[in-house]
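Since the structure comes first, as structure tokens, the remarks are kept for the end.
What follows is the structure, given as structure tokens:
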């Protein structure tokens with residue numbers, strides 16, 4: 111800790127790529143898929159404005175995660 115502040119921990123490269131991909135769309139709502147830290151499953155990362163988070167569910171395949179992300183996006187745009 112320096113000057114009363116903790117240094118922000120580094121973000122995993124694949125998660126940073128997901129955030130960059132969502133931001134590059136220029137859309138209010140967006141999603142991107144990436145593997146979990148243990149590489150055993152897939153997560154859907156979401157963007158609402160300037161807020162980024164992930165859906166709670168994990169998926170066994172990348173295709174399942176993309177389908178869930180597409181369903182999430184469709185629901186947001188209604």
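Residue numbers (the numbering used here): 111 to 188.
We put the beta carbon where it would ideally sit given N, CA and C, even for glycine.
Since this is a predicted model, take the numbers as computed values, not measurements.
Membership of residue 145 in any alpha helix (DSSP H) is not indicated; the residue belongs instead to the beta strand (DSSP E) covering 139-145.
Judged by DSSP in its simplified three-state form, residue 156 adopts strand. Under DSSP, residue 164 forms a beta bridge with 155. Going by DSSP, residue 133 is part of the alpha helix (DSSP H) stretching over 123-135.
When rounded, the separation of the alpha-carbon atoms in residue 181 and residue 114 is 43 Å. A buried status is given to residue 157, since no fewer than 16 other beta-carbon atoms sit within 10 Å of its beta-carbon.
Taking every protein chain shown into account, the CB of residue 155 has 16 or more other CB atoms within 10 angstroms, so this residue is buried.
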